[in-house]
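Chains as they are written, first to last, in our numbering: chain A, 515 to 629; chain B, 3 to 114.
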């Protein structure tokens with residue numbers, strides 16, 4: 515299965531600043547997904563990123579707040595813009611697999627604390 | 003819309019069996035997954051079951067699927083302290099833009 519390198523693993527940021535999270539995959543993948551996991555909560559899908567097209571955002575998430583890049587089939591970034599303490603969460607990237615039986619592979623997550 | 007529900011907490015003694023339950027609403031789900039999340043870690047796929055199966059066994063893990071009741075369970079035999087984690091149930095069908103629908107997760111505590 516794919517191996518995903520997600521950076522940074524954690525960060526503490528000042529409110530009003532932005533943080534860009536990177537995900538690098540060791541193989542080409544069609545779809546990449548960005549999730550947010552708030553403390554003690556399940557995963558909430560932020561957006562789906564396909565190479566060569568605009569990301570598709572879920573209800574409640576907007577491009578201005580969470581701009582996403584997908585420049586090629588192995589890399590994507592998620593930026594959390596103009597951060598507030600409510601953005602403190604774990605952010606996870608995930609990649610689709612060619613076979614549903616392989617499930618979805620996840621990065622190790624970025625634990626973000628906004629102060 | 004689609005929904006996946008799980009009980010939030012389960013506590014068992016080491017060596018006992020654990021059973022984590024999940025219900026879902028989308029009858030067109032084709033794959034159902036169990037993921038494990040250990041503290042401070044990402045998500046690890048444990049196992050899956052295809053919708054035309056009733057049961058799947060993989061070493062200490064047994065997945066049971068009741069399609070009529072839309073009920074899924076994960077049984078962990080001989081539960082160990084290393085099994086302490088959050089377990090997420092997720093459903094998938096190709097028609098849902100290839101998105102997974104997630105449950106809230108069941109936190110399993112294994113007591114020595």
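In this text, a Cβ means the ideal position worked out from N, Cα and C, and glycines have one as well.
Candidates 105(B), 92(B), 36(B), 95(B), of which the one nearest residue 78(B) by Cα: 36(B)
With DSSP collapsed to three states, give me the class of residue 16(B). coil
So, residue 606(A) versus residue 533(A), is the Cβ gap smaller than 8 Å? no
Same chain only: Cβ atoms within 8 Å of residue 629(A), ignoring 5 sequence neighbours per side: 526, 527, 528, 529, 599
Any beta carbon of chain B sitting closer than 8 Å to that of residue 541(A)? no
Against chain A, which members of the region 43–63 of chain B pass a CB distance test of less than 7 Å? 43, 44, 45, 47, 50
Consult DSSP for residue 614(A) and reduce its assignment to one of helix, strand or coil. helix
With DSSP as the reference, label residue 40(B) as helix, strand or coil. coil
With a cut-off of 8 Å on the beta carbons, I'd call residue 93(B) and residue 13(B) a contact; round off their distance for me. Not a contact, Cβ separation roughly 26 Å.
Quick one, are the C-beta atoms of residue 67(B) and residue 26(B) less than 8 Å apart? no
Under the assumption that residue 110(B) contacts residue 20(B) (Cβ atoms under 8 Å), give the Cβ distance between them as a whole number of angstroms. 6 Å
Would you mind stating whether residue 590(A) and residue 582(A) have Cβ atoms separated by less than 8 Å? yes
Residue burial classification, residue 84(B) (beta-carbon count within 10 angstroms, cutoff 16): exposed
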